[in-house]
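Chemist: Residues in the sequence shown are numbered consecutively from 173, following the numbering used here. C-beta atoms are modelled at their ideal positions from N, C-alpha and C, and glycine is treated no differently. Quick one: this structure, given as structure tokens, is what I'll be asking you about.
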Amino acid sequence: MKNYIIFLIQIIAFQFAIGQNANIIIKGRISNEAPRSFSDDFWFYDEYNLLASNAGDVYPFHLDNGKFEVRLVANEPYGYFRCRAVFLTSQLLDLYLMQPGDSIFMDIQGNDKVLFSGKGSEKLNYQSYAARIASDANFISHKDTVKYGKLDYPSMKLKKIQDGINLCIDSLKKLNKIADDMTIEILRVNTLSNFSKLYVASLGSIYPSSNEKEKQFILNYLQTIILQQQTATISNEKILKNCPAYQNLLYYTQLYYDRLILNNSIVNAVKIHSTYNSFEKNYTGLLRDKLITALLIQQDRDDQSLPLAENALTFLTDQRSKFTIAKFVNSRKSGFAAYPFIFETIDGNNIKLDDFKGKLLIIDSWYYGCTNCAILSHNLAPVVKKYKNSDKVTFLSVNVDRDKVKFKKGIESGLYGEKGVLHVWTKGNGEKDPFIKHYQYYGYPNILIIDENGNVLTANPFETGEEAAKKIDEIIKNNI
């Protein structure tokens with residue numbers, strides 16, 4: 173492992189004036205062979221944060237003989253759109269960078285294939301291409317072992333990722349005569365950051381099974397990435413606003429490093445104060461604010477997240493970040509009014525927050541197929557049975573699937589709540605439901621406890637493992 177190349181993202185600060193048009197037009201058609209799960213809306217983000225995926229503007233549309241059209245309103249020089257149920261694949265999950273004035277046509281074919289044409293389509297076709305290359309680079313096949321010879325896994329993985337980067341950068345050069353320099357730079361930074369993140373994640377995943385020498389190499393590698401970016405960060409705000417993959421790389425590299433140091437694994441959560449302090453101390457301005465916001469929102473089950481969020485409000489300068497954190501604090505802090513939700517039962521009856529006045533309300537949220545949701549339900553079963561005949565406590569289980577069939581299957585499976593639980597769903601709104609957006613839920617399951625007066629008692633106060641039942645039981649005993 174001696175000849176490793178650290179991915180240095182060297183950015184030239186561009187300052188270009190980009191003409192704006194208020195609308196982005198997306199037209200398209202769906203072939204009969206395409207997946208039937210096509211969504212009926214697009215999401216658009218003026219400034220996307222990979223860890224705040226349900227904060228975009230929603231644009232519903234209708235299919236007419238397999239054809240559709242939607243107009244997106246853009247308030248910034250760049251934005252990202254997604255249509256999550258089409259299995260679109262971009263280098264940023266299912267997100268595509270676009271600009272005001274773009275007018276594209278999407279030809280959605282079978283086998284998850286989508287072709288883009290029209291004004292601005294070159295950007296989208298490149299992003300699809302980069303996604304395919306990154307997906308291939310993320311796995312080592314027998315063909316790769318033959319191609320790269322007798323290299324150890326980290327060396328082979330690095331070599332394949334470097335080859336993938338070269339393919340993408342060569343393809344990106346074809347846009348030089350079509351796209352402006354800033355657009356190409358944004359695509360380049362996203363590409364390099366995405367591939368770098370793949371390698372960081374692969375090193376983290378093999379850490380627990382590595383020998384001591386390999387572990388030290390992995391820690392040194394991650395630390396080198398961190399130190400390099402702390403001393404040579406991107407300063408151009410237009411790039412910072414529109415390159416979520418760069419933020420993602422810095423966020424996960426620091427988070428993985430802290431987890432490996434403290435817990436020997438990237439998947440086991442640790443207290444976030446160390447990561448928080450690193451972001452506050454070593455970064456400034458917009459990038460610092462974005463990293464801290466991502467940490468607090470994504471790691472909201474940490475019992476330190478709320479006090480750290482209140483601390484962050486004393487120094488954050490980016491208005492979007494401040495708004496997000498203030499909303500987080502206001503929705504989670506004990507004593508604040510709970511969101512006045514309206515859900516629907518399996519029988520189609522509406523229920524609302526006011527229906528539970530005078531009762532302690534334990535709310536969990538889940539979706540069909542969620543393993544951790546089923547684990548939480550199993551762990552809570554003894555508590556539900558203990559209080560199922562109490563007129564002072566109600567257990568409300570909120571399903572967030574968009575398909576009511578999945579809601580029904582979840583109930584029928586018995587995996588998501590005992591008989592003493594009241595099952596409801598968000599009427600197919602899913603992550604667009606105002607309740608979900610208010611509490612900024614980006615993962616499941618979640619726990620929210622509301623007192624008899626309709627005020628938040630605690631929100632995501634702990635992890636959802638075996639200790640959850642004990643802690644919830646204790647909260648119930650202290651509040652009825």
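Exposed or buried, what is residue 458 when buried is set at 16 or more other beta-carbons lying within 10 Å of its beta-carbon?
Modeler: Position 286 of the sequence shown holds residue 458. Answer is buried; the Cβ neighbour count reaches 16.
Chemist: Please list the terminal residues of the continuous beta strand (DSSP E) segment that includes residue 244.
Modeler: Here the question's residue 244 lines up with position 72 in the sequence shown. 239-245 is the span of the beta strand (DSSP E), which, as asked, contains residue 244.
Chemist: With residue 314 as the anchor, note down where its alpha helix (DSSP H) starts and where it stops.
Modeler: The count along the sequence shown starts at 1 and reaches residue 314 at position 142. Looking at the DSSP string, the run of the alpha helix (DSSP H) that includes residue 314 is 314-320.
Chemist: So, at 7 Å on beta carbons, what are the nonlocal neighbours of residue 447 in its own chain, with the 5 sequence-adjacent residues on each side left out?
Modeler: Working through the sequence shown from its first residue, we reach residue 447 at position 275. Cβ within range, chain order: 426, 427, 430 and 467.
Chemist: Since residue 213 sits in a beta bridge, which residues does DSSP pair it with?
Modeler: To locate residue 213, count along the sequence shown from 1; it is residue 41. Answer by DSSP bridge pairing, in chain order: 232.
Chemist: Please report the straight-line C-alpha distance between residue 294 and residue 276, rounded to a whole angstrom.
Modeler: The residue given as residue 294 occupies position 122 in the sequence shown. The residue given as residue 276 occupies position 104 in the sequence shown. The alpha-carbon atoms of residue 294 and residue 276 are separated by roughly 10 Å.
Chemist: Have a look at residue 641 and residue 547 and give me their C-alpha separation to the nearest angstrom.
Modeler: Position 469 of the sequence shown holds residue 641. Position 375 of the sequence shown holds residue 547. Those two C-alpha atoms are separated by around 11 Å.
Chemist: Which residue's Cα is closest to the Cα of residue 542: 304, 490, 309 and 586?
Modeler: Indexing the sequence shown from 1 puts residue 542 at position 370. Checking every option, the nearest Cα to that of residue 542 belongs to 586.
Chemist: Excluding the 5 residues preceding and the 5 following residue 646 in the sequence, name in chain order all residues of the same chain whose CB lies nearer than 7 Å to its CB.
Modeler: Sequence index remark: in the sequence shown, residue 646 carries index 474 (1-based). Excluding residues within five positions, none has a Cβ falling inside 7 Å.
Chemist: Suppose you measure from the CA of residue 521 to the CA of residue 308; what does that come to, to the nearest Å?
Modeler: Residue mapping note: residue 521 aligns to position 349 of the sequence shown, counting from 1. Residue mapping note: residue 308 aligns to position 136 of the sequence shown, counting from 1. Roughly 48 Å separates the two Cα atoms.
Chemist: How would you write the range of the alpha helix (DSSP H) that residue 463 sits in, first residue to last?
Modeler: If you number the sequence shown from 1, residue 463 lands on position 291. It spans 457-470 - the alpha helix (DSSP H) in which residue 463 sits, taken as one unbroken run.
Chemist: Give the straight-line distance between the Cα atoms of residue 304 and residue 297, rounded to the nearest whole angstrom.
Modeler: If you number the sequence shown from 1, residue 304 lands on position 132. If you number the sequence shown from 1, residue 297 lands on position 125. Approximately 11 Å between the Cα atoms of the pair.
Chemist: With distances taken between CB atoms, is the gap from residue 433 to residue 464 smaller than 9 Å?
Modeler: Mapped onto the sequence shown, residue 433 falls at position 261. Mapped onto the sequence shown, residue 464 falls at position 292. For residue 433 and residue 464, no; Cβs fall outside 9 Å.
Chemist: Determine the burial state of residue 487: buried for a count of at least 16 other Cβ atoms within 10 Å of its Cβ, exposed for fewer.
Modeler: As a first step, residue 487 must be located in the sequence shown, where it is residue number 315. Its Cβ having fewer than 16 others within 10 Å, residue 487 is exposed.
Chemist: Considering Cα atoms alone, identify which of 473, 494 and 526 is closest to residue 504.
Modeler: Numbered from 1 along the sequence shown, position 332 holds the residue referred to as residue 504. Ranking 473, 494 and 526 by Cα distance to residue 504 puts 473 first.
Chemist: Taking all protein chains shown into account, do 16 or more other C-beta atoms lie within 10 angstroms of the C-beta of residue 271, making it buried, or fewer, making it exposed?
Modeler: Taking the sequence shown and counting its residues from 1, one reaches residue 271 at position 99. With 16 or more Cβ atoms within 10 Å of its Cβ, residue 271 is classed as buried.
Chemist: Would residue 515 and residue 607 be called neighbours here (beta carbons separated by less than 9 Å)?
Modeler: Position 343 of the sequence shown, counting from 1, holds the residue named residue 515. Position 435 of the sequence shown, counting from 1, holds the residue named residue 607. Contact: yes.
Chemist: Can you list, in chain order, the residues of its chain with a C-beta nearer than 6 Å to that of residue 594? Leave out the 5 residues immediately preceding and following it.
Modeler: Here residue 594 corresponds to residue number 422 of the sequence shown, with the count starting at 1. Same-chain partners within the cutoff: 568.
Chemist: Measuring only the C-alpha atoms, how far is residue 391 from residue 419?
Modeler: As a first step, residue 391 is located in the sequence shown; it is residue number 219 there, counting from the start. As a first step, residue 419 is located in the sequence shown; it is residue number 247 there, counting from the start. About 20 Å.
Chemist: If we count Cβ pairs, one from each stretch, closer than 8 Å, do we get three or more for the segment 565-584 versus the segment 533-542?
Modeler: Contact holds: three or more Cβ-Cβ distances are below 8 Å.
Chemist: In the DSSP assignment, find the unbroken alpha helix (DSSP H) run with residue 579 in it and report its ends.
Modeler: Counted from its first residue, the sequence shown places residue 579 at position 407. Counting along the chain, the alpha helix (DSSP H) containing residue 579 begins and ends at 576-585.
Chemist: Report the rounded CA-to-CA distance for residue 399 versus residue 482, giving the unit in angstroms.
Modeler: In the sequence shown, residue 399 corresponds to position 227, counting from 1. In the sequence shown, residue 482 corresponds to position 310, counting from 1. Looking at the two C-alpha atoms, the distance is approximately 27 Å.
Chemist: So if DSSP puts residue 511 in a beta bridge, which residue, or which two residues, is it bridged to?
Modeler: Within the sequence shown, numbered from 1, the residue matching residue 511 stands at position 339. For residue 511, which the question treats as bridged, DSSP gives no partner whatsoever.
Chemist: Have a look at residue 452 and residue 404 and give me their C-alpha separation to the nearest angstrom.
Modeler: Residue mapping note: residue 452 aligns to position 280 of the sequence shown, counting from 1. Residue mapping note: residue 404 aligns to position 232 of the sequence shown, counting from 1. Roughly 16 Å separates the two Cα atoms.
Chemist: Roughly how many whole angstroms lie between the Cα atoms of residue 625 and residue 531?
Modeler: For the purposes of this step, residue 625 is identified with residue 453 of the sequence shown, where counting begins at 1. For the purposes of this step, residue 531 is identified with residue 359 of the sequence shown, where counting begins at 1. Spanning the two alpha carbons is a distance of roughly 8 Å.
Chemist: What do you get for residue 326, buried or exposed, if any count of 16 or more other CB atoms within 10 angstroms of its CB means buried?
Modeler: As a working note, residue 326 is residue 154 in the sequence shown. Classification of residue 326: buried, given that the 10 Å Cβ count is 16 or more.
Chemist: Between which residues of its own chain and residue 478 is the CB-CB distance below 6 Å, once the five residues before and five after are set aside?
Modeler: Residue 478 sits at position 306 when you count from the first residue of the sequence shown. These residues qualify, in order along the chain: 504.
Chemist: When the Cα atoms are used, what is the spatial distance from residue 460 to residue 409?
Modeler: As a working mapping, residue 460 is identified with position 288 in the sequence shown. As a working mapping, residue 409 is identified with position 237 in the sequence shown. Those two C-alpha atoms are separated by around 12 Å.
Chemist: Run through DSSP, which three-state label would residue 642 get?
Modeler: The residue labelled residue 642 in the question sits at position 470 within the sequence shown. Here residue 642 sits in helix by DSSP.
Chemist: Cβ atoms of residue 323 and residue 371: under 9 Å apart, would you say?
Modeler: Looking up residue 371 in the sequence shown gives position 199. Looking up residue 323 in the sequence shown gives position 151. No.
Chemist: State the beta-bridge partners of residue 571 as determined by DSSP.
Modeler: Translated into the one-based positions of the sequence shown, residue 571 becomes position 399. Partner(s): 538 and 597.
Chemist: Taking the alpha-carbon of residue 338 as reference, which of 320, 360 and 553 has the nearest alpha-carbon?
Modeler: Walking along the sequence shown from the start, residue 338 turns up at place 166. It is 360 whose Cα lies nearest to the Cα of residue 338.
Chemist: Using only the alpha-carbon positions, how far apart do residue 231 and residue 244 sit?
Modeler: To locate residue 231, count along the sequence shown from 1; it is residue 59. To locate residue 244, count along the sequence shown from 1; it is residue 72. For residue 231 and residue 244, the distance between alpha carbons rounds to 7 Å.
Chemist: Quick one: which unbroken alpha helix (DSSP H) runs of 4-plus residues sit fully inside the segment 359-399? Chain order, please.
Modeler: Those alpha helix (DSSP H) runs which fall completely within the segment 359-399 and span 4+ residues do not exist here.
Chemist: So, are the CB atoms of residue 573 and residue 600 less than 9 Å apart?
Modeler: Indexing the sequence shown from 1 puts residue 573 at position 401. Indexing the sequence shown from 1 puts residue 600 at position 428. Cβ distance < 9 Å, so residue 573 and residue 600 count as in contact.
Chemist: I need the straight-line Cα distance from residue 396 to residue 356, nearest angstrom please.
Modeler: Against the sequence shown, residue 396 aligns to sequence position 224. Against the sequence shown, residue 356 aligns to sequence position 184. The straight-line gap from Cα to Cα measures roughly 27 Å.
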